[in-house]
Amino acid sequence: MNPQSQPSLDATQLAPRPTTMADTGLSESLLLDLVAKHIFTSGVLTKEQMVAKIGVTGGILQALLDTAKKLGWVENRQTTADGQMRYALSLAGEIHAKQAFARNGYLGLAPIPLKQYIPVCKLQSSRANPITYEMLAQGLKALVLPKELLYKIGPAMNSSRPVLIYGPPGTGKSYLCRHLNLTIGDDVLIPYALAIGNEIIQVFDPELHHSVKDERKLNPLDLAKGHDPRWIRCHRPLRITGGELTSEMLEVQFDTHSRTYMAPLQLKANNGILLLDDLGRQRISAKQLFNRWIIPMEERRDFLSLQSGEHFEIPFELILLFSTNLDPKELVDEAFLRRLGYKIHFDALDQDLYRQIWFQVCQDLGLSCSEEVFQYLLLEYHKRYERPLIPCYPRDLLGIMSDQIHFMRYEPVVTQSLIDSAWSIYFV
321 MNPQSQPSLD ATQLAPRPTT MADTGLSESL LLDLVAKHIF TSGVLTKEQM
371 VAKIGVTGGI LQALLDTAKK LGWVENRQTT ADGQMRYALS LAGEIHAKQA
421 FARNGYLGLA PIPLKQYIPV CKLQSSRANP ITYEMLAQGL KALVLPKELL
471 YKIGPAMNSS RPVLIYGPPG TGKSYLCRHL NLTIGDDVLI PYALAIGNEI
521 IQVFDPELHH SVKDERKLNP LDLAKGHDPR WIRCHRPLRI TGGELTSEML
571 EVQFDTHSRT YMAPLQLKAN NGILLLDDLG RQRISAKQLF NRWIIPMEER
621 RDFLSLQSGE HFEIPFELIL LFSTNLDPKE LVDEAFLRRL GYKIHFDALD
671 QDLYRQIWFQ VCQDLGLSCS EEVFQYLLLE YHKRYERPLI PCYPRDLLGI
721 MSDQIHFMRY EPVVTQSLID SAWSIYFV
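Residue numbers (my numbering): 321 to 748.
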């Protein structure tokens with residue numbers, strides 16, 4: 321089965337487009353602030369431009385503009401060449417926009433209220449469509465892996481418990497984790513921002529959330545068709561963090577200069593995969609990290625707070641992976657290890673799998689190599705120096721040989737002398 325054959329996301333049913341202000345779940349004052357801030361930033365805007373910037377229907381926007389006019393904030397300006405009315409702020413409107421920015425610097429699509437986010441996030445859980453062996457094998461078909469690893473990784477991804485992947489450096493732990501989202505072929509809806517009362521937290525991150533274009537051509541002023549545009553249709557996110565991880569990154573962050581809130585990494589990774597790579601090398605200790613996430617890991621919910629001290633609960637609906645080169649017992653005690661659920665060990669390969677990787681990399685680099693030369697590598701170097709068959713060695717060694725071939729303008733053929741040279745350069 322191809323991962324892409326999973327049931328496609330019915331975005332319209334999951335997040336129907338609101339047709340009234342009440343449907344948005346937001347207060348009129350919050351939406352009016354957004355209208356004022358967008359017009360203030362742009363100078364003048366048409367109704368169609370505001371619909372695109374705020375993500376509400378034409379009918380809702382018209383109601384907001386009518387209210388803003390009654391308050392004396394918005395004025396009509398001359399129409400565009402195609403007859404569209406343009407809107408600008410009055411002096412009173414500019415004063416209000418500045419006050420709105422002073423309270424909250426957010427400028428973007430209207431947020432999704434937390435009450436609407438929670439059920440959608442839970443419905444989009446990757447565990448709603450369990451991964452099968454065929455799906456995992458198809459998604460990872462470009463990787464050379466022992467079959468027994470697939471039998472361990474697949475059930476772990478279907479579990480609600482976190483997964484620890486450990487083993488010596490270079491055994492493919494991080495490389496495999498970076499490909500796991502290929503096994504989950506469906507799309508999800510990511511809110512551009514969340515509303516916690518009148519505060520707004522930006523969630524959508526273009527570097528993490530890769531949007532999927534909707535090929536249908538819809539009139540932005542249409543009141544009914546399509547899903548709620550405040551949700552962005554994306555591939556399931558894969559968030560990777562390593563030694564740069566700090567405790568602050570696990571909490572809602574407030575920028576005092578821009579007066580905006582940014583979501584913590586686990587909220588951004590919801591409905592996807594979160595990989596904490598190189599566990600034990602972070603500025604925050606493994607014990608501190610696990611203490612912070614005991615409840616999220618066990619109850620699949622997290623508790624966050626705003627600068628004001630207001631606390632709120634969000635789903636912890638993601639596949640959580642830890643990867644480390646260290647002995648797990650050196651990181652945390654036995655009680656914490658039990659909470660991890662799945663512990664999967666990566667090690668050196670057998671000769672057949674190592675051969676597959678070697679000749680696959682040769683093909684990728686446009687090099688030819690005889691079986692005789694490959695056996696020379698195994699006997700004269702791996703066996704003699706008792707070097708295990710680590711998966712990263714073929715690409716690293718052949719990469720050095722490819723560099724030498726291009727520099728010396730040799731034929732693209734792996735030779736014993738090139739192996740001698742590459743080995744002496746690579747290993748200290």
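Built from N, CA and C at the ideal position, the CB exists for glycine as well.
Length of the line joining the Cα atoms of residue 452 and residue 516
38 Å
Measuring alpha carbon to alpha carbon, tell me which residue in 400, 357, 463, 425 is nearest residue 715.
Of the candidates 400, 357, 463, 425, the one whose C-alpha sits nearest the C-alpha of residue 715 is 463.
Residue 490 versus 669, 510, 642, 738, residue with shortest Cα-Cα distance:
Nearest option by C-alpha distance: 669.
Local conformation of residue 331 per DSSP, three classes
helix
When DSSP builds the beta bridges, which residues end up paired with residue 582?
522, 573
Between residue 649 and the rest of its own chain, which residues show a CB-CB distance below 8 Å, the 5 nearest in sequence each way excluded?
657
Taking its Cβ as the centre, do 16 or more other Cβ atoms sit within 10 Å of residue 324, making it buried, or is it exposed?
Interpretation of residue 324 is limited by its pLDDT of 44, a score under 50 that renders its predicted location unreliable; no figure is taken from the coordinates.
From residue 652 to residue 597, what distance separates their C-alpha atoms?
16 Å
What is the rounded straight-line gap between the Cα of residue 582 and the Cα of residue 363?
26 Å
Name, in chain order, the residues that DSSP records as bridge partners for residue 527.
Answer by DSSP bridge pairing: none, since residue 527 is not bridged.
Looking at C-alpha atoms only, which residue of 529, 569, 358 is the closest neighbour of residue 509?
529
Using a Cβ distance threshold of 8 Å, determine whether the region 593 to 610 contacts the region 401 to 419, with at least three qualifying pairs required.
Between the region 593 to 610 and the region 401 to 419 there are fewer than three C-beta pairs closer than 8 Å, too few to call the two in contact.
Going by Cα to Cα distance, which pick from 423, 561, 401 is closest to residue 518?
423
Delimiting residues of the beta strand (DSSP E) encompassing residue 743
Not the beta strand (DSSP E): residue 743 falls in the alpha helix (DSSP H), residues 736 to 746.
Rounded separation between residue 572 and residue 368 - CA only
CA-to-CA, the gap between residue 572 and residue 368 works out to about 33 Å.
Anyone know if the C-beta pair for residue 380 and residue 500 falls short of 9 Å?
Against a cut-off of 9 Å, the Cβ pair of residue 500 and residue 380 comes out as no contact.
Go ahead and label residue 722 buried or exposed: buried means 16 or more other beta carbons lie within 10 angstroms of its beta carbon, across all protein chains shown.
buried
Please go through the same chain and pick out, in chain order, the residues whose beta-carbon is closer than 7 Å to the beta-carbon of residue 353, but skip the five residues on each side of it.
420
From the DSSP output, in three-state form, read off residue 702 for me.
helix
Here's a check: name, in chain order, each residue in its chain whose Cβ is nearer than 8 Å to the Cβ of residue 761, leaving out the five neighbours to either side.
Residue 761 is absent from the structure shown; the chain starts at 321 and stops at 748.
Residue closest to residue 375, alpha-carbon to alpha-carbon, out of 339, 458, 601:
339
9 Å Cβ cutoff met for residue 574 and residue 627
yes
Based on the DSSP output, what are the partners of residue 644 in its beta bridges?
486
Check whether the region 430 to 437 and the region 339 to 350 touch, using three or more Cβ-Cβ pairs below 8 Å as the test.
Using a Cβ-Cβ distance cut-off of 8 Å, the region 430 to 437 and the region 339 to 350 are in contact, since at least three pairs of beta carbons, one from each stretch, lie closer than that value.
On the DSSP bridge assignment, give the partners of residue 663 in chain order.
484
Burial state of residue 373 (16 or more Cβ within 10 Å):
buried
Cut-off 6 Å between Cβ atoms - residues of its own chain near residue 427, not counting five sequence neighbours on either side
Contacts found: 357.
Would you tell me roughly how many angstroms separate the C-alpha atoms of residue 709 and residue 673, rounded to the nearest one?
9 Å
Mind checking who residue 625 pairs with in its DSSP beta bridge?
631
Are residue 560 and residue 595 close, meaning C-beta to C-beta below 9 Å?
yes
Quick check on residue 417 - is its C-beta less than 9 Å from some C-beta in chain B?
Chain labels in this structure do not include chain B; a single protein chain is all it has.
Which residues mark the beginning and the end of the alpha helix (DSSP H) in which residue 554 is found?
DSSP places residue 554 outside any alpha helix (DSSP H); the residue lies instead in the beta strand (DSSP E), whose first and last residues are 551 to 555.
What residue range does the beta strand (DSSP E) around residue 516 cover?
513 to 516
Measuring CB to CB, does residue 384 end up less than 9 Å from residue 351?
yes
If you draw a straight line from the C-alpha of residue 614 to the C-alpha of residue 498, how long is it?
24 Å
According to DSSP, is residue 264 helix, strand or coil?
Here the chain comprises residues numbered 321 to 748, so residue 264 is not present and cannot be evaluated.
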